[in-house]
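These protein sequence lines map, in sequence, to chains A and B. Position 24, counted from 1, in the first sequence is what the numbering used here calls 24; the numbers after and before it change by one each time, with no gaps. One rule links them: number in the numbering used here = place in the second sequence (from 1) + 147.
There are 2 protein chains.
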Amino acid sequence: MADPKKRFEAIIQKLRDNGHKLTPQRLAIVKILAKSEGHPSVESIHVRIKKEFSTMSLATVYRNIVLIKSLGEVLELGFPDGSNRYDGNNPEPHPHVICIKCKKIVDPDLDSLDEMKKEVAVETNFKILNHRLDFFGICGDCMAAKV
Amino acid sequence: MADPKKRFEAIIQKLRDNGHKLTPQRLAIVKILAKSEGHPSVESIHVRIKKEFSTMSLATVYRNIVLIKSLGEVLELGFPDGSNRYDGNNPEPHPHVICIKCKKIVDPDLDSLDEMKKEVAVETNFKILNHRLDFFGICGDCMAAKV
DNA sequence: TGTTAATTGAAAAGCATTATTATTTGATTG
DNA sequence: CAATCAAATAATAATGCTTTTCAATTAACA
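See below:
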């Protein structure tokens, strides 16, 4: 996990460099994304910031995520059920392991993926630009809790 | 690729076994899913069947896909942009390679995935039940066409 | 054929996301 | 350290895809 403080500064700098204003709402959103603990959803970001800014609009969360996404500083994880989660701590594509019970998301280490990418490129004659790898299952905690 | 005729029969049989009626609309949908050429979308299925049944409703396509999905006979591919494509020819989870230009979807052979799954299970202490692997890029045709 | 419960078409409702608009505000300049 | 102005915001309306509703239809089975 990258240092949330450094990620915060990096995203802020990117916003500055591209001529965007640093509003309190925007800073609050960036702060949460920089850490991205538990891979937050739009809704969870909104709820958390509402405690501080009671007038914070959901549209503002969406707008800022679109903006930060366009700067390549957050990874959007759209799931088959239509839900979205975000990772601004590590915005590069990387595999995820998702617990279908408690919705926990874990980042595994998998270095065999690069090799696989090359293999696929050769086999299909595609120029591979991006990828997405998710494993779905039940985490140790939920297995234990089941009894 | 599985034989579309056999897949058609298999899906029909599953529907029968679970006490569902075989309406002409349903049969038309199953027929397209059994082949799943190009991994059709709800919209493309609807358009194709409308030529035969002008009154075919989009809701009917959705309803039948939900049903067939619940029987495990079609794989739903929800993409990050929110679009959905279907594969009733090979309903087991398998990797896809998607062209971001022409939306073509290709199924590559990748047998190293099983090994990866075990690796992840050990590392994260999850019981892995399912997975999803997509590569995004530009296909040979679109590369050539670009000039 | 008649009966019945499942299925359908058409339209309304849901729901997440995006667009609109009047207002507010951060950043720059004099 | 105001004044200015483009950008950002809050609130709300609109959009687009998917699901639900419900009366009418129809496949399945006796």
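The beta-carbon is built from N, C-alpha and C at its ideal position, and this holds for glycine as well. Because the structure is a prediction, the values reported are computed rather than measured.
Interface flag, residue i vs chain A, CB-CB below 8 Å
i, result
"isoleucine 275(B)", "yes"
"proline 151(B)", "no"
"isoleucine 212(B)", "no"
"isoleucine 159(B)", "no"
"isoleucine 215(B)", "no"
Residue range of the unbroken alpha helix (DSSP H) whose run includes residue i
i, result
"phenylalanine 8(A)", "4-17"
"valine 189(B)", "189-197"
"isoleucine 179(B)", "171-182"
"aspartate 234(B)", "Counting along the chain, aspartate 234(B) falls outside any alpha helix (DSSP H), though it belongs to the beta strand (DSSP E) covering 231-234."
"methionine 116(A)", "112-124"
Beta carbon proximity, residue i to chain B, threshold 8 Å
i, result
"asparagine 125(A)", "yes"
"leucine 27(A)", "no"
"arginine 132(A)", "yes"
"proline 108(A)", "yes"
"phenylalanine 135(A)", "yes"
"methionine 1(A)", "no"
"isoleucine 49(A)", "no"
"methionine 56(A)", "no"
Cα-Cα separation, residue i to residue j
i, j, result
"isoleucine 138(A)", "cysteine 99(A)", "5 Å"
"glutamate 184(B)", "threonine 202(B)", "24 Å"
"phenylalanine 46(A)", "leucine 58(A)", "At residue 46(A) the sequence reads histidine, which differs from the phenylalanine that was named. Straight-line Cα distance between these residues: approximately 6 Å."
"leucine 71(A)", "tyrosine 86(A)", "14 Å"
"proline 91(A)", "glutamate 73(A)", "6 Å"
"alanine 10(A)", "histidine 94(A)", "19 Å"
"proline 171(B)", "lysine 216(B)", "19 Å"
"valine 120(A)", "leucine 280(B)", "12 Å"
"valine 122(A)", "alanine 145(A)", "45 Å"
"glutamate 262(B)", "threonine 60(A)", "43 Å"
"leucine 67(A)", "alanine 2(A)", "21 Å"
"lysine 14(A)", "arginine 63(A)", "16 Å"
"asparagine 130(A)", "leucine 75(A)", "12 Å"
"isoleucine 179(B)", "phenylalanine 200(B)", "14 Å"
"phenylalanine 273(B)", "asparagine 84(A)", "22 Å"
"lysine 5(A)", "lysine 51(A)", "22 Å"
"alanine 181(B)", "arginine 163(B)", "16 Å"
"leucine 22(A)", "isoleucine 275(B)", "42 Å"
Residue interval of the beta strand (DSSP E) (run including residue i)
i, result
"aspartate 281(B)", "274-285"
"leucine 218(B)", "Careful: leucine 218(B) lies outside any beta strand (DSSP E) and carries neither H nor E."
"isoleucine 98(A)", "96-99"
Residue i vs residue j beta-carbon contact at 8 Å
i, j, result
"phenylalanine 282(B)", "lysine 117(A)", "yes"
"isoleucine 176(B)", "isoleucine 159(B)", "no"
"isoleucine 105(A)", "histidine 20(A)", "no"
"asparagine 89(A)", "arginine 7(A)", "yes"
"threonine 124(A)", "proline 227(B)", "no"
"isoleucine 65(A)", "valine 42(A)", "yes"
"glycine 229(B)", "glycine 140(A)", "no"
"cysteine 289(B)", "lysine 250(B)", "no"
"serine 112(A)", "serine 191(B)", "no"
Legend entry - Contacting positions in the region 236-253 of chain B - beta carbon closer than 8 Å to chain A: Taking 8 Å as the Cβ-Cβ cut-off against chain A, the residues of the region 236-253 of chain B that qualify are Pro242, Val244, Cys246, Ile247 and Val253.
Inset, instruction - Note down, in chain order, all residues in the region 110-122 of chain A with a beta-carbon under 9 Å from any beta-carbon belonging to chain B. - result: Per Cβ criterion, the list reads Leu110, Ser112, Leu113, Glu115, Met116, Lys117, Glu119, Val120 and Ala121.
Inset, instruction - Name, going along the chain, the residues of the region 173-193 of chain B whose beta-carbon falls closer than 7 Å to a beta-carbon of chain A. - result: Along the region 173-193 of chain B, none of the residues has a CB nearer than 7 Å to a CB of chain A.
Legend entry - Where the region 71-86 of chain A meets chain B: residues whose CB sits under 9 Å from a CB there: Hits within the stretch, in order: Glu76, Leu77, Gly78, Phe79, Pro80, Asp81, Gly82 and Asn84.
Legend entry - Within 8 Å of chain A by C-beta, residues of the region 160-171 of chain B in sequence order: Against chain A - using a Cβ distance shorter than 8 Å - the region 160-171 of chain B contributes no residues.
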